[in-house]
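Read through the structure below, which is laid out as structure tokens, and then see the notes.
Numbering (this note's numbering), first residue to last: 12 to 329.
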């Protein structure tokens, strides 16, 4: 049976830790695991614009000895309305894995339901689990550990990053705090699942509308754009003077409330002066560029794990 990665808790805590450690090892020796030698193809499909996901998966598949088959969904039969299941049945016969950056979570779940090769969520409206693997790898690089640290995410608490920080952070044994306006809070089902996982792993979950409560003595501060893809029509309301996210800006005042050695994450693209100040993202406590690079290493480690866990893997070439 194929192992898919559709949301953060599709990995166990031990599997997540193994992927992160493997990613750190692959960063030191980029070509040491040619699991896609042949080369075998990995289909990488984009319903949404992308820079970091496109580059990191393309380079990563090549470094694993494979061939990235990058597909623009808008100009493929998916964009014309071909059923997801039909597209999947074509791709699985020619690719070792399928990576998809799309809209609703139900779309990638439909793909996984019929795929005989691993399906990877490269972003949906509900979750961004590959980004959180890279973020956790970055925290471990800079802090030496994950369990027991406090991570505060502020801003749009209803978006995919908030959901994935809740689940992925809880799996890693972090104390996860998520702060956002009352009008933009996380899915209660995700919060409940995160609390269950946190209790099992020795961490905790706090969801609040008080940014100061989240920032207080935190070891890691994180935020995301206030205008995610697909929300462009709301841009004026989300970035104007009266927008509800203004109290949750990650600036010097916020940073001063965190632990003195706190590090700062942002998954990019960043809008300086809105969700994060230039002095913070460009400052000495920012690890944003390590975080961006680590998408490459974390996703390589994830593909290695999924391919091995899904054996036997098709030996077809693209």
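A virtual CB, placed ideally from N, CA and C, is assigned to each residue, including glycine.
query = What do you reckon, are the CB atoms on residue 123 and residue 52 nearer than 8 Å?
reply = Not closer than 8 Å, so no.
Run of the alpha helix (DSSP H) containing residue 127, from where it starts to where it stops = Unbroken run through residue 127: none, as it is neither H nor E.
query = When the distance is taken between beta carbons, is residue 186 closer than 8 Å to residue 342?
reply = Here the chain comprises residues numbered 12 to 329, so residue 342 is not present and cannot be evaluated.
key: Residue range of the alpha helix (DSSP H) that includes residue 140   = Where residue 140 is concerned, the enclosing alpha helix (DSSP H) stretches over 140-154.
message = When you compare the CB positions of residue 276 and residue 149, do they come within less than 8 Å of one another, or not?
response = Yes; because the gap between Cβ atoms is below 8 Å, this pair is in contact.
query = For residue 38, which residues from the same chain have a beta carbon less than 6 Å from its beta carbon, with the 5 sequence-adjacent residues on both sides left out?
reply = Closer than 6 Å at the Cβ level, and outside the excluded window around residue 38, lie 308.
query = Whose C-beta lies closer than 7 Å to the C-beta of residue 63 among residues of the same chain, with five residues either side of it excluded?
reply = Once the five neighbours on either side are set aside, the close Cβ partners of residue 63 are 279, 303, 306.
Enclosing beta strand (DSSP E) for residue 23 [first to last residue] = From DSSP, residue 23 is part of no beta strand (DSSP E); its letter is neither H nor E.
inquiry  = If I measure Cβ to Cβ from residue 205 and keep anything under 6 Å in the same chain, skipping five residues before and after, which residues do I get?
reply    = Result list for residue 205: 177, 178, 181, 216, in chain order.
ask   = Do residue 75 and residue 120 have their C-beta atoms within less than 8 Å of each other?
value = Not closer than 8 Å, so no.
ask   = To which residues does DSSP link residue 79 through a beta bridge?
value = BP columns for residue 79 point to 53.
inquiry  = Ignoring anything shorter than 4 residues, give me the alpha helix (DSSP H) runs that lie fully in the segment 69-113, in order along the chain.
reply    = DSSP runs (the alpha helix (DSSP H)) wholly in the segment 69-113: 88-91, 95-102.
message = Distance check for residue 70 and residue 140, CA to CA, integer angstroms please.
response = Distance between the alpha carbons of residue 140 and residue 70: 19 Å.
ask   = From which residue to which residue does the beta strand (DSSP E) around residue 274 run?
value = Residue range 274-277 is occupied by the beta strand (DSSP E) that includes residue 274.
inquiry  = Spatial neighbours of residue 259 within its chain, please: C-beta separation below 8 Å, excluding the five flanking residues on both sides.
reply    = Sequence-distant partners of residue 259 (beyond 5 residues in either direction) whose C-beta falls short of 8 Å from its own C-beta, in its chain, are 165, 166, 190, 191, 192, 222, 234, 286.
request  = Assuming residue 109 contacts residue 130 (C-beta within less than 8 Å), just tell me the rounded distance between them.
outcome  = Sure, about 5 Å apart at Cβ, within 8 Å.
query = Which residues bound the beta strand (DSSP E) around residue 186?
reply = Looking at the DSSP string, the run of the beta strand (DSSP E) that includes residue 186 is 186-190.
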